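Student: Residue numbers (the working numbering), protein chains in the order written: chain Y, 1 to 219; chain B, 1 to 368; chain F, 1 to 423; chain H, 1 to 152.
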Amino acid sequence: MDQLQFLTWVRGTGLNLTLAIFVLGVIWRLIEIYGLGRKQDLSAPRDVAGASGWHTIYRRSIPPPGMLKLSPVSYIGGYVFHVGLAVVVFLFAPHIALVASLLGPTWPGLPSQVVDFVSVVTMAAMVAVLADRITKPAKRFLSTFGDWFTWTLTFLPLLSGWLAVHHLLLPYTLMLALHILSVELLLIFLPFTKLFHAFTTFGSRWFNGAVNGHKGVPV
Amino acid sequence: MTSLVDSVAARNATVEEELARRGIDRREFFKLCGAIASLMALPAGAAEQLAAAVAKARRPSVIWLSFQECTGCTEALTRSHSPSLESLIFDLISLDYHHTLQAASGDAAEAAREAAMKENAGKYLVVVDGSIPLGNPGYSTIAGVSNIETLKEVVAGAAAVIAMGTCAAYGGLPAAQPNPTGAVAIRDLIKDKPVVNIPGCPPIPIVMTGVIAHYLAFGALPELDGLGRPKAFYGETIHDRCYRRPFYDQGKFAETFDDEGARRGWCLFKLGCKGPVTYNACATSKWNGGVSFPIQSGHGCIGCSEPNFWDAGGFYNALSMPAHPLNVGAGIAAAGAAAGVAVTFFNRGKKGAAKAGHETTTLDDLEK
Amino acid sequence: MSASLEKGVRVLKEMIDAPIASYLNSCVHCGICAEACLFYTETGDPKYTPIHKLEPMRRLYEQEYTLLGRLARMVGLTKPVTDAELAEWQELVYNSCTLCGRCSVVCPVGNDIVYMVRKMREGMSAAGHAPDGLKGAVTRTVKIGSPMGVKLPAVKAQMKHVEADYGIQIPLDQEGAEYLVMLSSMEIINFPEYLGAIAKIMRHAGKTWTLCSEAFEATNAGMQIGNSDLARVIVKRIVDGAEKLKVKTVISPECGHAYTALRWEGANLIGRPFTFKVQHIVEVLEELRLAGLLKTEGMETDRLTFHDPCQLARRGGVIQPQRNLMAMIAKDFHEMPDAGFMNWCCGGGGGASAIEEGEELRLEAFKRKKSQLDAVKPHRLVTACANCRIVLEEGLEHYQMNLPVVGLTETIAEHIPDPVGND
Amino acid sequence: MPISNDKELKAALAALTDTERRQVGTLLVQQVFDLSGDARIKGALELARRADAGNAELAVAAAGVNTARVESFTQCGRDTDWTAQAAHFVARAAQECVRPVVDLGTAWEAAMQARMARICQTLAAGEGTNNTEAEAQYRALEAFLQAKGRAS
Numbered sequence: 001m002d003q004l005q006f007l008t009w010v011r012g013t014g015l016n017l018t019l020a021i022f023v024l025g026v027i028w029r030l031i032e033i034y035g036l037g038r039k040q041d042l043s044a045p046r047d048v049a050g051a052s053g054w055h056t057i058y059r060r061s062i063p064p065p066g067m068l069k070l071s072p073v074s075y076i077g078g079y080v081f082h083v084g085l086a087v088v089v090f091l092f093a094p095h096i097a098l099v100a101s102l103l104g105p106t107w108p109g110l111p112s113q114v115v116d117f118v119s120v121v122t123m124a125a126m127v128a129v130l131a132d133r134i135t136k137p138a139k140r141f142l143s144t145f146g147d148w149f150t151w152t153l154t155f156l157p158l159l160s161g162w163l164a165v166h167h168l169l170l171p172y173t174l175m176l177a178l179h180i181l182s183v184e185l186l187l188i189f190l191p192f193t194k195l196f197h198a199f200t201t202f203g204s205r206w207f208n209g210a211v212n213g214h215k216g217v218p219v
Numbered sequence: 001m002t003s004l005v006d007s008v009a010a011r012n013a014t015v016e017e018e019l020a021r022r023g024i025d026r027r028e029f030f031k032l033c034g035a036i037a038s039l040m041a042l043p044a045g046a047a048e049q050l051a052a053a054v055a056k057a058r059r060p061s062v063i064w065l066s067f068q069e070c071t072g073c074t075e076a077l078t079r080s081h082s083p084s085l086e087s088l089i090f091d092l093i094s095l096d097y098h099h100t101l102q103a104a105s106g107d108a109a110e111a112a113r114e115a116a117m118k119e120n121a122g123k124y125l126v127v128v129d130g131s132i133p134l135g136n137p138g139y140s141t142i143a144g145v146s147n148i149e150t151l152k153e154v155v156a157g158a159a160a161v162i163a164m165g166t167c168a169a170y171g172g173l174p175a176a177q178p179n180p181t182g183a184v185a186i187r188d189l190i191k192d193k194p195v196v197n198i199p200g201c202p203p204i205p206i207v208m209t210g211v212i213a214h215y216l217a218f219g220a221l222p223e224l225d226g227l228g229r230p231k232a233f234y235g236e237t238i239h240d241r242c243y244r245r246p247f248y249d250q251g252k253f254a255e256t257f258d259d260e261g262a263r264r265g266w267c268l269f270k271l272g273c274k275g276p277v278t279y280n281a282c283a284t285s286k287w288n289g290g291v292s293f294p295i296q297s298g299h300g301c302i303g304c305s306e307p308n309f310w311d312a313g314g315f316y317n318a319l320s321m322p323a324h325p326l327n328v329g330a331g332i333a334a335a336g337a338a339a340g341v342a343v344t345f346f347n348r349g350k351k352g353a354a355k356a357g358h359e360t361t362t363l364d365d366l367e368k
Numbered sequence: 001m002s003a004s005l006e007k008g009v010r011v012l013k014e015m016i017d018a019p020i021a022s023y024l025n026s027c028v029h030c031g032i033c034a035e036a037c038l039f040y041t042e043t044g045d046p047k048y049t050p051i052h053k054l055e056p057m058r059r060l061y062e063q064e065y066t067l068l069g070r071l072a073r074m075v076g077l078t079k080p081v082t083d084a085e086l087a088e089w090q091e092l093v094y095n096s097c098t099l100c101g102r103c104s105v106v107c108p109v110g111n112d113i114v115y116m117v118r119k120m121r122e123g124m125s126a127a128g129h130a131p132d133g134l135k136g137a138v139t140r141t142v143k144i145g146s147p148m149g150v151k152l153p154a155v156k157a158q159m160k161h162v163e164a165d166y167g168i169q170i171p172l173d174q175e176g177a178e179y180l181v182m183l184s185s186m187e188i189i190n191f192p193e194y195l196g197a198i199a200k201i202m203r204h205a206g207k208t209w210t211l212c213s214e215a216f217e218a219t220n221a222g223m224q225i226g227n228s229d230l231a232r233v234i235v236k237r238i239v240d241g242a243e244k245l246k247v248k249t250v251i252s253p254e255c256g257h258a259y260t261a262l263r264w265e266g267a268n269l270i271g272r273p274f275t276f277k278v279q280h281i282v283e284v285l286e287e288l289r290l291a292g293l294l295k296t297e298g299m300e301t302d303r304l305t306f307h308d309p310c311q312l313a314r315r316g317g318v319i320q321p322q323r324n325l326m327a328m329i330a331k332d333f334h335e336m337p338d339a340g341f342m343n344w345c346c347g348g349g350g351g352a353s354a355i356e357e358g359e360e361l362r363l364e365a366f367k368r369k370k371s372q373l374d375a376v377k378p379h380r381l382v383t384a385c386a387n388c389r390i391v392l393e394e395g396l397e398h399y400q401m402n403l404p405v406v407g408l409t410e411t412i413a414e415h416i417p418d419p420v421g422n423d
Numbered sequence: 001m002p003i004s005n006d007k008e009l010k011a012a013l014a015a016l017t018d019t020e021r022r023q024v025g026t027l028l029v030q031q032v033f034d035l036s037g038d039a040r041i042k043g044a045l046e047l048a049r050r051a052d053a054g055n056a057e058l059a060v061a062a063a064g065v066n067t068a069r070v071e072s073f074t075q076c077g078r079d080t081d082w083t084a085q086a087a088h089f090v091a092r093a094a095q096e097c098v099r100p101v102v103d104l105g106t107a108w109e110a111a112m113q114a115r116m117a118r119i120c121q122t123l124a125a126g127e128g129t130n131n132t133e134a135e136a137q138y139r140a141l142e143a144f145l146q147a148k149g150r151a152s
């Protein structure tokens, strides 16, 4: 199998397989998780404006008072690389074209040079967050193989994508193929690792907000 | 066009004598060598050295074998227009057998080939265009002899083999899915002789001339890359040499073949151009004597010099697009839902059993 | 029938629900919950990271309720939860967790970690891995009626004493009264002035109230040990008492967990909504204040600050009322840093103060409260939870901080003038 | 003038000077001191009895008594030992006597805490709630007033 065949495979069959596993995995896992249901709270609710699951979904993105200075790398690094990932994935012309071709809608993107800069910043933030995971005792203690694996799964697409765009290190055919392959690995593992927090975070925040909102506590 | 048969007398003449006989003066010849030297990125001083060597060289005997091919490669080489560099090629070599071009036919043609093989044993070049069908030898034969037999027989005494065109180099369109004839490339069959692949559908004539001239001048084939292609011509991608590259970098793309962008000559990436993944010299040496090349004429490169370019997804699917239409339909979602519901069914059952089996904790149940 | 791993696992299987599944799948091991937990920040020991306290339950969830998890266990990739593991986790789930809920409000992906610890305690207690202190407390509450062995005579004695001290008649078992006042054993034993304060306030506000002889104990050690079966037995007494006396509202006293147990878990424990209202005494005082029935005189002049009991403020939603009440009686009131919603725990809640072997860790964790107080340097510390008061006083004593701790209700009662004509 | 109820007790206390109130308070706490026996409280009471006790000394004694008070709390969730709890109230009563400023309220508070100590003792003995501490306090105050030669 030579480079063009490899690229064709990842752009064709590989992509097909990946999206299938991804769609299947996400739906399966979501039902598996939320199908467990929960008991209704019979205690009398305390109605307080702004205390509900929906509020928590956005409010929990803001660091609670006093927490930012306790874990700045987690918060700032976390923000930068999540927002950066979103910009690189959803505002880069080729990605928009790809998504538009798959799902239909299209939207304006950012100039390639801006996205290029953002991707470098995102990679830097990820390295910072990785360093934090290695040095901070609580984080290090919690870290399992899954954490290091999912970090790599998220970092490789960024790196290979950046190298492909700049035609660096490997021939473009191979680097583009590796980039697409790394994205496919990310999508395949997403529903079965902690990356699934991309979906369950909203459910978790909603439950947290609902349980505390019932008590009139806007969390 | 010099008829091949009556050139037998001139067979032993050197290139210099042959050119003089044709009335082509030394300046024209020097211009050819200068062009080839520069094209192959040889050092400046090499032009004279190349000219001196070629002039002295005895024109090698070349046997051209055509198997499963469309004669496009020959067509490209023999395009007749002003006495171009390509036509001069036939002055550098003694083309002793080419069943399309030679006047002889039938037994006479085969006799000419066998004579050339015997006379130049071990020194003649074999040029092949077209792939070889392994599915059934009967698919493609010359004079009743299967291509595979002819190839083996001819290549046995050859000094080197030049696989001319993507079919000979990598199997080409005959090898496209489902490859009914079991077409294979030369490199898949010939392992014991040096093989030079000159892919392209068709390849650029100057590339042919360059390789021959290099062989004549230095008595060896030029440096090849991993896919057996001369690095001088196939070292860069079309994309890296494309004059529209600045538009790609600025994100200026033509969206359709006749929109504003296309008319402005913007990058054709979104229209399926495979320039970034195709190694060839089209963007620099261009075609038809430097007139143009596919991208310059407004159509994306289809990657014709890359193996399997024919099965690399739609020619008009951009590289960042799925190669083929995807089918991730409701079936997949349904399967996911089914798995989810099934697990939930078991989970609820397990939870229910745990609830049913709940033994109310009393005070002494706190102790083990 | 005695406790066993099998029983504990069965209870955990019953407890795990969609929220817990969602949380366990969302955790990204970012460690921010540790930064919010005083047992980690003051000891620096990563094992006190809140989400780590749920590790056995997480593994059980994975092996029981996820397809891949079940497969992994079948092929031996993961080990089932062992009894030894639960024994090892006892210290993490009880001694080093006061159910203060700070981790739940900071988790970036929204995991309600304290919700899970509370559920995990169900399994731990059923498996026999609950601290002896709590076992004793819940046994005494079920058998005698109070975690500290207080029987009705002691309540009656205190009633008599308060009547003598305050000159007000203490109603007992008065059917049809508006309020049913509950007491926590801590108040009956250590802070009798609470009952006096209630009597004074109720007379001042002209409200009818009563104690109930069958249900004077407000606290619920069953909830602290994390066993709903026992918690149900305990809370049922209060419900029966309240419904027998046909009261409109039950007042949960100056105690954190009593409020959570009755107000939020009570209805779910007995399986039906209450027919009466439940309010913390601070909520009642605020209501009286708003209704203009709480006219205090004079102001405290020394420098005061307020310690928000976790179960009342962050976990119960009562944050502003205590400030309004303090404004009524304190001239020189200063908020501690992180006060209110993000307040740090005193270190003794959730039954932790009943665990003798947890004493040393609690005093270590108290340094966080010390730094909060050092930032404000008050002359007196006001709070609204009897257990907080004792834990605070012990901590302050341990660190040689001369800082008296008083209850909000008692302090307000001191500012209520005696009606004219009293002796 | 005999004192037979709390109203008269309060009136009598109201008629005393602050220093006398501290001494009466100390007297009442002394009557229940046997329930504690804590040396720090013993020292504090002796100090409070001296009319010339300075604020600094009082503060030191107060700290000791406070420690005794905190140490004698019945821990949350622990089984109540009413005898030990009695000692806690003796400490609380003693704390009133070593306050820098003593007024009617503190004297009355000392009396009340002393009674709580006695109640704890009766509870510990399981004799129900009635005890004679109140009367004992009336007799003590009468004796104090007698000694002061003032028959109010």
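Virtual Cβ for every residue (Gly too), placed ideally from N, Cα, C.
From a predicted model like this one, the values you see are computed outputs, not experimental measurements.
What are the start and end residues of the beta strand (DSSP E) that includes histidine 98 of chain B?
Tutor: It spans 94-98 - the beta strand (DSSP E) in which histidine 98 of chain B sits, taken as one unbroken run.
Student: Return yes when at least one heavy atom of the ligand ATP lies under 6 Å from the C-beta of glycine 203 of chain Y, else no.
Tutor: This structure does not include the ligand ATP; it has no bound ligands of any sort.
Student: Counting C-beta neighbours from all protein chains within 10 Å, is the total for aspartate 112 of chain F 16 or more, i.e. buried, or is it exposed?
Tutor: When all chains shown are included, aspartate 112 of chain F counts as buried.
Student: Using the three-state DSSP reduction, which class does asparagine 387 of chain F fall into: helix, strand or coil?
Tutor: Helix at asparagine 387 of chain F.
Student: Between the alpha carbons of aspartate 364 of chain B and isoleucine 144 of chain F, how many angstroms are there, rounded?
Tutor: Computed Cα separation, rounded: 15 Å.
Student: Pull up the distance between the alpha-carbon of glutamate 16 of chain B and that of tryptophan 266 of chain B, whole angstroms please.
Tutor: Straight-line Cα distance between these residues: approximately 47 Å.
Student: Just to confirm my understanding: we take asparagine 55 of chain H, look at its own chain, exclude 5 residues before and 5 after, and list those with CB closer than 8 Å. What are they?
Tutor: Result list for asparagine 55 of chain H: Pro100, in chain order.
Student: So, with DSSP's three-state summary, where would you put leucine 142 of chain Y?
Tutor: Reduced to three states, the DSSP call for leucine 142 of chain Y is helix.
Student: Residues in its own chain within less than 6 Å of serine 140 of chain B by CB, not counting five upstream and five downstream?
Tutor: Counting only Cβ-Cβ distances below 6 Å, and skipping sequence neighbours, we find Phe67, Gln68, Pro133 and Asn147.
Student: What does aspartate 424 of chain F reach in chain H if we use C-beta pairs closer than 7 Å?
Tutor: The requested residue 424 of chain F is not part of the displayed model; chain F covers only 1 to 423.
Student: Under DSSP, the alpha helix (DSSP H) around threonine 19 of chain H begins and ends at which residues?
Tutor: Start and end: 18-32.
Student: At a Cβ cut of 7 Å, what residues of the segment 119-133 of chain Y count as close to chain F, listed as they run along the chain?
Tutor: Listed in sequence order: no entries.
Student: Taking all protein chains shown into account, decide if isoleucine 134 of chain Y is buried (16 or more other Cβ within 10 angstroms of its Cβ) or exposed.
Tutor: With fewer than 16 other Cβ atoms within 10 Å, it is exposed.
Student: Alpha carbon to alpha carbon, how far is leucine 183 of chain F from phenylalanine 73 of chain H? Give it in angstroms, no decimals.
Tutor: Cα-Cα distance, rounded: 17 Å.
Student: Based on DSSP bridge pairs, tell me the residues matched to valine 15 of chain B.
Tutor: Looking at the DSSP assignment, valine 15 of chain B forms no beta bridge with any residue, so it has no partner.
Student: Counting along the chain, where does the alpha helix (DSSP H) carrying isoleucine 119 of chain H start and finish?
Tutor: Looking at the DSSP string, the run of the alpha helix (DSSP H) that includes isoleucine 119 of chain H is 104-125.
Student: So for leucine 15 of chain Y, helix, strand or coil by DSSP?
Tutor: The answer is helix: DSSP assigns leucine 15 of chain Y an H, G or I state.
Student: In three-state terms, what does DSSP make of tyrosine 124 of chain B?
Tutor: Coil at tyrosine 124 of chain B, not helix or strand.
Student: Report the three-state DSSP secondary structure of tryptophan 287 of chain B (helix, strand or coil).
Tutor: Strand, per DSSP.
Student: Whole angstroms is fine: what's the gap from leucine 9 of chain H's alpha carbon to aspartate 165 of chain F's?
Tutor: Cα to Cα, the separation comes out at about 12 Å.
Student: When the cut-off is 7 Å and only beta carbons count, does leucine 178 of chain Y lie next to chain F?
Tutor: No, because no Cβ of chain F sits closer than 7 Å to the Cβ of leucine 178 of chain Y.
Student: DSSP three-state label for glutamine 279 of chain F, please.
Tutor: Here glutamine 279 of chain F sits in strand by DSSP.
Student: Who does tyrosine 179 of chain F pair with in a DSSP beta bridge?
Tutor: Paired residue(s): F:Trp209 and F:Thr249.
Student: Mind checking the segment 14-41 of chain Y against chain B and listing, in chain order, the residues whose C-beta falls within less than 8 Å of any C-beta there?
Tutor: Listed by position along the chain: Leu15, Asn16, Leu19, Ala20, Val23, Leu24, Gly25, Val26, Ile27, Trp28, Arg29, Leu30, Ile31, Glu32, Gly35, Leu36 and Gly37.
Student: Quick check: leucine 13 of chain H and alanine 114 of chain H, are their CB atoms within less than 7 Å of each other?
Tutor: Taking 7 Å as the Cβ cut-off, leucine 13 of chain H and alanine 114 of chain H do not qualify as a contacting pair.
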